Structures are given as C-alpha cells and as structure tokens.
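J.:
Residue numbers (this note's numbering): 1 to 235.
Below you can see the structure in the form of structure tokens.
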C-alpha cells in the first residue's frame, strides 16, 4: 500500500487550456476516484460550473495550481509525458499500454507529469516539444478522439490499477529534464562546429528525438556529456 500511495502522490495531471468547465470538474472527480490528486491547470476556463460538477472532489480543484504556460507548469517535474491522438513523422509516439509501466516506475521515486491538451485540437507542436515523451490511447481509427475527461479517466485508472501491483518493478535512475537540457546545450555547441549554420537546429531537433526516445539513465547521459565536452575542448 505504501508503494502504491507513493506512486500516485508523484503523478501530476496537467490540463492545458481546458475550455469546458464541466470537463475540469469531471477530471477533478476522476482524480479523487483514483487517488491521483495533483492537478495543474494552464490558462483554464475555471468557472462556478466546474466546482458544481466536481461535487465532493471540490477540494481537488481548490488545491489545483494554475499557470500561464505549460513550461512553467512542468518546471519542477522530473519527467513529463504528453498525450496526442495525431500521428507525426517528426515525433516518436508510444502506445500508452506499453508506456504505463515506465510512468509508474518513474513515479515510484520521482515526480512525473502527464499533460492533456485542449478539447478541440490537443497540444501544439511547441507544447509537445516541452514533453520528454508522447503517448496515445488506442481507439477506433474512424473515431480516435476521446473526450478530455474520458482520456484522463483511462490514464488515471490504468495507473491506479498498475500501482497496486508495483511491488518489485524496477525504477531506473533516469536523467532529469534539466540534465537533458544541459546535455543538449553541449550537443548544440558540438553541431555548431561540425555543421553549416542552417543545419544546426534541424539536426539538433532530430538528435533530441533520438535521445529522448531511449530514456537515458544518469550514468549514460554523464558519459555522453563527457565525450562531447572532451571533443569540443580538443577542437
């Protein structure tokens, strides 16, 4: 039970610009149902109606933190997962069923965020780039878009159920978002020397996708940083 509670307490649900107050209230109820009560709201349309719908989960809304941007909302989180229903040739997107064990494993020791986008078009490309990983929920391909509250329900229920079984699941010592950013700064410096100016940013974006997809541990990213630093200093 203690392990379950620590996993749920480390999960932060983030809603980006939810426009329908009823959805915000329903999400609050889902969070209280599943024991995941950390809620962050980015520019929400938070009206009296949201509190009315939340009913006995009103305390979840009252405890929710509001932010002006997604970047601010996830600043103190160790790892951030975004959600989408759109396919992309530029972003590696996981199936949630194959990702939920990683989410729970990370949350057993660190604070993890799960970001849900707007009701009408989800997360922007720029917002997806703030996330360390992206997943989607399996659905009918002819009707793949879940209601926001339904989407949060599926994710939270699955993580609550999984946390009940999480007694011996490995918790890898993965690198934090800040450690990735430091590594990427060295990588950008290296690319600036090796490539033409107009190729630096596109190449950096491609390599970011590659490295984020592999979920590097602290030891692995420290090794990569040392290699790039050594090479830069030798130039």
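For glycine and all other residues, C-beta sits at the position ideal for the given N, C-alpha and C. No experiment lies behind these values; they were computed from the predicted model shown.
For residue 142, count the other beta carbons within 10 Å of its own beta carbon; 16 or more makes it buried, fewer makes it exposed. Which is it?
T.: So residue 142 ends up on the exposed side.
J.: Check the DSSP bridge columns for residue 65 and list the partner residues they point to.
T.: DSSP output for residue 65 lists 40 as bridge partner(s).
J.: Quick check on residue 32: buried or exposed, where buried means 16 or more other Cβ atoms within 10 Å of its Cβ?
T.: It is buried - the Cβ of residue 32 has at least 16 other Cβ atoms within 10 Å.
J.: Mind listing, in chain order, the continuous alpha helix (DSSP H) runs of no fewer than 4 residues lying wholly within the region 82 to 122?
T.: Complete alpha helix (DSSP H) runs here, min 4: 96 to 107.
J.: On the DSSP bridge list, what partners appear for residue 135?
T.: Paired residue(s): 83 and 94.
J.: Would you list the residues sitting across from residue 11 in a DSSP beta bridge?
T.: Answer is 112, bridged to residue 11.
J.: Going by alpha carbons, who is nearest to residue 45 out of 58, 67 and 18?
T.: With distances taken between Cα atoms, residue 45 lies closest to 18.
J.: Could you check which residue in 35, 49, 121 and 217 has the C-alpha nearest to that of residue 25?
T.: It is 49.
J.: Measuring alpha carbon to alpha carbon, tell me which residue in 63, 145, 154 and 198 is nearest residue 119.
T.: The residue with the shortest Cα to Cα distance from residue 119 is 145.
J.: Check for me: the alpha helix (DSSP H) holding residue 165 runs from which residue to which?
T.: Per DSSP, residue 165 belongs to no alpha helix (DSSP H) and is neither H nor E.
J.: List the whole-angstrom C-beta distance separating residue 128 from residue 82, where the pair is believed to meet the contact cut-off of C-beta under 8 Å.
T.: About 5 Å; that satisfies the 8 Å criterion.
J.: Please report the distance separating the alpha-carbon of residue 58 from that of residue 208.
T.: Their Cα atoms are separated by approximately 40 Å.
J.: Hey, residue 114 and residue 14 are a contact pair by Cβ (cut 8 Å); roughly how many whole angstroms apart?
T.: At roughly 7 Å, the Cβ-Cβ gap stays under 8 Å, so residue 114 and residue 14 are in contact.
J.: Within 10 angstroms of its Cβ, does residue 167 collect 16 or more other Cβ (buried), or is it exposed?
T.: Bear in mind that a pLDDT of 49 at residue 167, under 50, signals an unreliable position, so the number given afterwards is only what the model happens to contain. So residue 167 counts as exposed.
J.: Terminal residues of the continuous alpha helix (DSSP H) containing residue 239?
T.: Since the first residue of the chain shown is 1 and the last is 235, residue 239 is not available in this structure.
J.: For residue 217, list the residues DSSP reports as bridge partners.
T.: BP columns for residue 217 point to 174.
J.: Identify whether residue 74 lies in helix, strand or coil by the three-state DSSP scheme.
T.: Reduced to three states, the DSSP call for residue 74 is coil.
J.: What is the residue span of the alpha helix (DSSP H) that residue 130 lies within?
T.: Residue 130 -> alpha helix (DSSP H) spans 125 to 130.
J.: For residue 16, list the residues DSSP reports as bridge partners.
T.: Paired residues: 42.
J.: Output the boundary residues of the alpha helix (DSSP H) element that contains residue 141.
T.: Looking at the DSSP string, residue 141 is not in any alpha helix (DSSP H), and its letter there is neither H nor E.
J.: Three or more C-beta pairs under 8 Å: does that hold for the region 94 to 112 against the region 65 to 72?
T.: No, the region 94 to 112 does not touch the region 65 to 72.
J.: Does the beta-carbon of residue 134 have 16 or more other beta-carbons within 10 angstroms, so that it is buried, or is it exposed?
T.: Flag for residue 134 reads buried.
J.: Near residue 152, which residues of its chain fall below 7 Å by C-beta distance, leaving aside the five closest residues on each side in sequence?
T.: Hits under 7 Å: 13, 27, 30 and 116.
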